[in-house]
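Here the sequence shown stands for residues 5 to 229, numbered as in the working numbering. Positions of the beta carbon are idealized from the N, C-alpha and C atoms, including for glycine. Down below is the structure, laid out as structure tokens.
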Amino acid sequence: MGICTQSTVIEINSLRKRYGTKEVLKSLDMNVCCGDFVAIMGKSGSGKSTLINIIGLLEEDYEGEYRLFGEDMKKMSDRKLTKHRCKDIGYVFQAYNLINDCTVKENVLLPASYAKNKVSPETLEALFEELEIAELANKRAELLSGGEKQRVGIARAIINNPRLVIADEPTGSLDEENSEKIFRILKRLNANGTTIILVTHNHQLAEKAGRQLVLSDGILKEQRS
Ligand SMILES: Nc1ncnc2c1ncn2[C@@H]1O[C@H](COP(=O)(O)OP(=O)(O)OP(=O)(O)O)[C@@H](O)[C@H]1O
Ligand SMILES: [Mg+2]
Numbered sequence: 005m006g007i008c009t010q011s012t013v014i015e016i017n018s019l020r021k022r023y024g025t026k027e028v029l030k031s032l033d034m035n036v037c038c039g040d041f042v043a044i045m046g047k048s049g050s051g052k053s054t055l056i057n058i059i060g061l062l063e064e065d066y067e068g069e070y071r072l073f074g075e076d077m078k079k080m081s082d083r084k085l086t087k088h089r090c091k092d093i094g095y096v097f098q099a100y101n102l103i104n105d106c107t108v109k110e111n112v113l114l115p116a117s118y119a120k121n122k123v124s125p126e127t128l129e130a131l132f133e134e135l136e137i138a139e140l141a142n143k144r145a146e147l148l149s150g151g152e153k154q155r156v157g158i159a160r161a162i163i164n165n166p167r168l169v170i171a172d173e174p175t176g177s178l179d180e181e182n183s184e185k186i187f188r189i190l191k192r193l194n195a196n197g198t199t200i201i202l203v204t205h206n207h208q209l210a211e212k213a214g215r216q217l218v219l220s221d222g223i224l225k226e227q228r229s
């Protein structure tokens, strides 16, 4: 896979992941450069979530080498792994994973409080305006529509200005207009230098990403458009 002229964000070599006797990832290699916008496609059950859970440091049980920002994740202390999860990676969950009883504002600010990141009211306002959730700030998360929840999930993922945003089918349950809206937000982040990994079943969106990778038979293949 392509050699980076910029700095490397992700370097994965011979990654294997098994669930019992089932081998989901089989000697998978992957390189992502700083500023890449990568779409990952593949059939349901092919292992996309498994892969990005490993990349997002949500799953530590795997074989093979995974280097993130040049550092070997197998050798990383728990304290530093937590710091990476908190500050460097923004994860957008397919099922939103918001705290239903909390307001939009409380949900978005949660990772900032974990990271002891003091967010100014101006910064928060700008973020809420960008994601079109300003009017929802004091509403409880459970009262939101799917598209609104997804935009809140993105705000929460980027509140600490992560270098890498990983989104697991963020448009999976959205209509075309809302899918386009989410995609435009990811594009804008990418234009500002954030590296993006987007898992999607939507071929039209994937084609607009910088790179398309397909996960099949436990390995990734670059798709040339
Ligand atoms: N915790 C687990 N224990 C056992 N098997 C699992 C576990 N998580 C995933 N699997 C299996 O691993 C395979 C890959 O699952 P994964 O969720 O990564 O697929 P996916 O490509 O994200 O699918 P989808 O497009 O439906 O989200 C599936 O066969 C799934 O049943
Ligand atoms: Mg999945």
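Task: Spatially closest choice to Ser117 from Leu135, Cys90 and Gly39, by CA coordinates - done: Between Ser117 and the set Leu135, Cys90 and Gly39, the nearest pair of CA atoms involves Cys90.
Open item on the list: Using only the alpha-carbon positions, how far apart do Thr86 and Val96 sit?
Closed with: Near 17 angstroms, if we compare the C-alpha coordinates of Val96 and Thr86.
Open item on the list: For a quick check, are the C-beta atoms of Leu193 and Ile162 less than 8 angstroms apart?
Closed with: Yes, the pair counts as a contact, with Cβ atoms nearer than the cut-off.
- [ ] Put Met5 into one of helix, strand or coil per three-state DSSP.
- [x] A caution first: Met5 carries a pLDDT of 45, below 50, which makes its placement in the model unreliable, though a value can still be read off. DSSP places Met5 in coil when its eight states are reduced to three.
- [ ] Report all residues from its chain with a CB closer than 6 angstroms to the CB of Val218; omit the five preceding and five following residues, and keep chain order.
- [x] The beta carbon of Val218 sits closer than 6 angstroms to those of Met45, Gly46, Lys225 and Gln227, all from its chain and outside the five residues before and after it, given in chain order.
- [ ] Pull up the CB-CB distance for Arg167 and Asp92, whole angstroms please, since I reckon it's below 8 angstroms.
- [x] With a contact defined as Cβ atoms closer than 8 angstroms, Arg167 and Asp92 qualify at about 5 angstroms.
Task: Stretch-stretch touch, CB-based, cutoff 8 angstroms, three pairs: the stretch 103 to 115 with the stretch 172 to 191 - done: Fewer than three Cβ pairs drawn from the stretch 103 to 115 and the stretch 172 to 191 lie within less than 8 angstroms of each other, which leaves the two stretches out of contact.
- [ ] Thinking Lys109 and Ala145 are a contact (beta carbons under 8 angstroms), I'd like their distance in whole angstroms, please.
- [x] Contact between Lys109 and Ala145 does not hold, since their C-beta atoms are separated by about 10 angstroms, which reaches or exceeds 8 angstroms.
TODO: Would you give the residue range spanned by the alpha helix (DSSP H) that Asn104 belongs to?
DONE: First-last for Asn104: undefined, no H or E at that position.
Open item on the list: Does the structure place the stretch 14 to 26 close enough to the stretch 172 to 185 that three or more beta carbon pairs sit under 8 angstroms?
Closed with: The stretch 172 to 185 vs the stretch 14 to 26: no contact.
Task: ligand 2 heavy atom lying under 7 angstroms from the CB of Ser177 - done: Checking the Cβ of Ser177 against ligand 2 gives no.
Task: Three-state secondary structure (DSSP) of Lys120 - done: Lys120 falls in the coil class under three-state DSSP.
Task: C-alpha distance - Lys153 paired with Leu61, whole-angstrom precision - done: Straight across, the Cα-Cα distance linking Lys153 with Leu61 is about 23 angstroms.
TODO: Report the three-state DSSP secondary structure of Asn165 (helix, strand or coil).
DONE: It is coil, neither helix nor strand.
Open item on the list: Taking only three categories from DSSP, how would you classify Gly197?
Closed with: Three-state result, Gly197: coil.
Task: Asp221 - DSSP class collapsed to helix/strand/coil - done: Three-state DSSP puts Asp221 in coil, outside helix and strand.
- [ ] Determine the closest residue to Lys26 out of Thr54, Ala43, Cys38 and Met34, with distance taken between C-alpha atoms.
- [x] Minimum Cα distance to Lys26 is reached at Thr54.
- [ ] Check Thr175 in the structure and name its three-state DSSP category.
- [x] DSSP, reduced to helix, strand and coil, places Thr175 outside both helices and strands of the structure shown, so it counts as coil.
Open item on the list: Taking CB distances under 8 angstroms as the criterion, tell me whether Ile223 reaches chain B.
Closed with: The displayed structure is made up of one protein chain only, and chain B is not part of it.
Task: Where the beta strand (DSSP E) containing Lys30 begins and where it ends - done: If you look at Lys30, you'll find it in the beta strand (DSSP E) that goes Lys26 to Cys37.
Task: Closer than 7 angstroms: Lys52 CB and nearest ligand 1 heavy atom - done: At least one heavy atom of ligand 1 sits closer than 7 angstroms to the Cβ of Lys52.
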